[in-house]
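Novice: Residue numbers (this note's numbering): 8 to 153.
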Amino acid sequence: MPTTESATPAQAGPAMPVTVLARTGTAPRRPLRKPLAALVLAAAAVSAAAGCSSPFGRTYQVRMEVTGSGSAQISYGFSGSDASMPRREKLAWIKRADAGFGFNRLAVSGAPPGTTCRIVVDGDERDRKTVGADGKAECYVSIQND
């Protein structure tokens with residue numbers, strides 16, 4: 008039960024009322040903690056039952072390849088991740104990832120003519136480009152939900 012007392016500040020002035028709460032020995036209740044936890048668990052269960060491992064639906068097995076001889080400057084980005092910095096790599100070069108909805112990009116530069124980049128999604132070749140006299144090629148694939 009709150010009580011009211013008067014307190015006088017250190018400097019001269021009128022008394023000010025102060026409310027003091029009685030101590031009960033219990034922590035304040037957090038009413039949202041249990042319903043929020045139940046909601047999170049329910050969402051996780053529904054997502055697992057639906058086979059979802061990506062916030063936008065299913066995931067896809069994406070393979071990026073650069074084939075040829077020698078080396079090339081390669082940069083790439085799988086959907087849902089940051090693009091890599093260009094880096095000189097020995098050929099043949101392959102990267103794999105499970106990726107969700109979005110854009111996948113593979114760029115090749117400084118490569119000998121005839122070098123090929125390609126992107127394969129779930130075993131199906133989706134894009135293939137061959138380097139020409141300029142030493143460059145780029146492959147793009149946009150993955151959309153089924």
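Don't be surprised by glycine CBs; every beta carbon is placed ideally from N, CA and C.
(1) Measure the alpha-carbon distance for Glu72 versus Gly64 and round it to whole angstroms.
(2) Where do the ends of the beta strand (DSSP E) carrying Lys102 lie?
(3) For Ser86, count neighbouring C-beta atoms within 10 Å of its own C-beta (all shown protein chains included) and say buried if the count is 16 or more, exposed if not.
(4) Cα separation between Tyr147 and Gly75?
(5) Measuring straight from C-alpha to C-alpha, what distance separates Ala56 and Asp105?
(6) Are the beta-carbon atoms of Thr122 and Val115 separated by less than 8 angstroms?
(7) Does DSSP put Asp134 in a helix, a strand or coil?
(8) To which residues of the same chain is Ser149 closer than 7 angstroms at the C-beta, ignoring the five residues directly before and after it?
(9) Determine the extent of the beta strand (DSSP E) in which Met92 is found, giving its start and end residues.
Specialist: From the atom records:
(1) 25 angstroms
(2) Trp100 to Ala106
(3) buried
(4) 19 angstroms
(5) Bear in mind that a pLDDT of 36 at Ala56, under 50, signals an unreliable position, so the number given afterwards is only what the model happens to contain. Rounded to whole angstroms, Ala56 to Asp105 spans 19 angstroms at the Cα level.
(6) yes
(7) strand
(8) Phe110
(9) Taken as a continuous stretch (DSSP letters only), Met92 belongs to no beta strand (DSSP E), as it is neither H nor E.
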